[in-house]
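J.:
Residue numbers (our numbering): 320 to 446.
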């Protein structure tokens, strides 16, 4: 049988209660690593929720460690998370609109991701 194809996509969002600092752009810095660990944890929780309670049946909505990048967005911190999912032939096809709506539900209308407050207009699923 054929191996499932991998679909890559990017999640973009802005955290309003995490002040951007220059060391967040250095993957070797303590601040980058600690922020990435928290991000990975909460995106993993979102993945589990998405797989368990959603019409979106994707096997992976997980960025690999090292696949986060942060950027200065006025006083806030913008986040890019490069993600992938396995495109199983039996699963519904990947649909960025459906993923967006599911993530919106999981983040209380794009307002909360764990300890982080989100700009409700900032979520973008590119894929």
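Just so you know, even glycine gets a beta-carbon here, dropped at the ideal spot from N, CA and C. Predicted, not measured: the structure shown is a model, and the values here were computed from it.
#1: Drop a sphere of 10 angstroms on the beta-carbon of residue 374, count the other beta-carbons inside from all chains shown, and report buried for 16 or more, exposed for fewer.
#2: Starting from the Cα of residue 437, find the closest Cα among 423, 445, 446, 444 and give me that residue.
#3: Hey, residue 398 and residue 358 are a contact pair by Cβ (cut 8 Å); roughly how many whole angstroms apart?
#4: Once the 5 residues before and after residue 361 are set aside, which same chain residues still bring their CB inside 8 Å of it?
#5: Distance, Cα to Cα, residue 377 vs residue 332?
#6: Could you spell out where the beta strand (DSSP E) holding residue 427 opens and where it closes?
#7: What does a CB cutoff of less than 7 Å around residue 330 pick up in its chain, not counting 5 residues either side in sequence?
#8: Within the continuous beta strand (DSSP E) that includes residue 414, where are the two ends?
#9: If you run the structure through DSSP and keep just helix, strand and coil, what is residue 339?
#10: Could you give the DSSP three-state label for residue 348: helix, strand or coil?
#11: Roughly how many whole angstroms lie between the Cα atoms of residue 418 and residue 428?
#12: Near residue 336, which residues of its chain fall below 7 Å by C-beta distance, leaving aside the five closest residues on each side in sequence?
T.: Looking at the atomic coordinates:
#1: Taking the first residue of the chain shown as 1, we reach residue 374 at position 55. In this predicted model, residue 374 has a pLDDT of only 49, less than 50, meaning its place in the structure is not dependable; the value taken from the coordinates is given anyway. By the neighbour-count rule (16 or more Cβ atoms within 10 Å), residue 374 is not buried but exposed.
#2: In the chain shown, the residue the question calls residue 437 occupies position 118. The shortest Cα separation from residue 437 among 423, 445, 446, 444 belongs to 423.
#3: Stepping through the chain shown from its first residue, residue 398 is reached at position 79. Stepping through the chain shown from its first residue, residue 358 is reached at position 39. Yes, residue 398 and residue 358 are in contact; Cβ-Cβ is about 7 Å, under 8 Å.
#4: The residue given as residue 361 occupies position 42 in the chain shown. Correct list, in chain order: 432, 433, 435.
#5: One-based indexing of the chain shown puts residue 377 at position 58. One-based indexing of the chain shown puts residue 332 at position 13. Annotation note: pLDDT 43 at residue 377 (below 50); position unreliable, no value reported.
#6: Residue 427 sits at position 108 when you count from the first residue of the chain shown. Taken as a continuous stretch (DSSP letters only), residue 427 belongs to no beta strand (DSSP E), as it is neither H nor E.
#7: Locating residue 330 in the chain shown gives position 11, where the first residue counts as 1. Same-chain partners within the cutoff: 400, 402, 444.
#8: By one-based count along the chain shown, residue 414 stands at place 95. Note, residue 414: premise wrong, no beta strand (DSSP E); not H, not E.
#9: Start at 1 with the first residue of the chain shown, and residue 339 comes out as number 20. The answer is coil: DSSP assigns residue 339 none of H, G, I, E or B.
#10: Here residue 348 refers to the residue found at position 29 when the chain shown is read from its first residue. The answer is coil: DSSP assigns residue 348 none of H, G, I, E or B.
#11: For the purposes of this step, residue 418 is taken as the residue at position 99 of the chain shown. For the purposes of this step, residue 428 is taken as the residue at position 109 of the chain shown. Our two residues, residue 418 and residue 428, have alpha carbons roughly 13 Å apart in a direct line.
#12: Here residue 336 is taken as the residue at index 17 of the chain shown, counted from 1. Here the set comprises 435, 436.
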